[in-house]
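Counting in the working numbering, the sequence shown runs from 1 upward without gaps.
So the structure is just underneath, and the comments pick up after that.
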Amino acid sequence: MTTRRIISTEKTILDKDDDDISSPGPSGQHQSSSTAPAVPMDVILKLLAFTFAMVVAPIGSYFLTVNTIFRGNSTYAGALAAIMANVVLVGYVIVAMSEDQSDQLEAQKKGGKRE
Numbered sequence: 001m002t003t004r005r006i007i008s009t010e011k012t013i014l015d016k017d018d019d020d021i022s023s024p025g026p027s028g029q030h031q032s033s034s035t036a037p038a039v040p041m042d043v044i045l046k047l048l049a050f051t052f053a054m055v056v057a058p059i060g061s062y063f064l065t066v067n068t069i070f071r072g073n074s075t076y077a078g079a080l081a082a083i084m085a086n087v088v089l090v091g092y093v094i095v096a097m098s099e100d101q102s103d104q105l106e107a108q109k110k111g112g113k114r115e
């Protein structure tokens, strides 16, 4: 079995990687990387709000209703907590879909195309 020897003028994979980082861009200048977040801040805030609601709404509804409305019946209070979790989940899906549609409408307005 033979192995391939590296010729001193041939660049190794590591040398090629170093050249890619330090090489100038197509216009002769060094390329700067974008430090902007990939996800907009309003999307992150919506996700955090729905995460908080997903924790607080079911647990809060359980403990608020187990002794006041359902008089100690934890089955009904647990069912209400499950329903509240589903309400938060459906609300998140609706908000996400409406946000996706608004992005598409903005793109159509900028492009001037209508389907």
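For glycine and all other residues, C-beta sits at the position ideal for the given N, C-alpha and C.
Alpha carbon of residue i to alpha carbon of residue j, nearest angstrom
i      : j      : result
Asn86  : Ser102 : 24 Å
Ser98  : Thr75  : 35 Å
Gly72  : Thr51  : 28 Å
Asp100 : Ala38  : 16 Å
Met84  : Ser33  : 44 Å
Ile44  : Leu105 : 21 Å
Thr9   : Ala36  : 39 Å
Val56  : Gly111 : 42 Å
Leu48  : Ala79  : 25 Å
Own chain residues within Cβ distance below 6 Å of residue i, not counting five before or after
i     : result
Ala77 : Tyr62, Thr65, Val66, Phe70
Tyr92 : Phe50
Met54 : Val88
Min CB distance residue i to chain B below 8 Å
i      : result
Ser102 : No chain B appears in the structure shown, which is made up of a single protein chain.
Close beta carbons around residue i, own chain, < 8 Å, minus the five adjacent residues each side
i     : result
Met41 : none
Environment of residue i [buried if 16+ CB atoms lie within 10 Å]
i     : result
Pro58 : buried
Ala81 : buried
Supposed contact pair residue j and residue i - C-beta distance, whole angstroms, cut 8 Å
i     : j     : result
Lys46 : Val90 : Contact flag wrong, Cβ pair sits at about 15 Å.
* To do: Note down, one range per segment and in chain order, each alpha helix (DSSP H) of at least 4 residues found wholly within the segment 53 to 87.
  => With a minimum length of 4 residues, no continuous alpha helix (DSSP H) run stays inside the segment 53 to 87.
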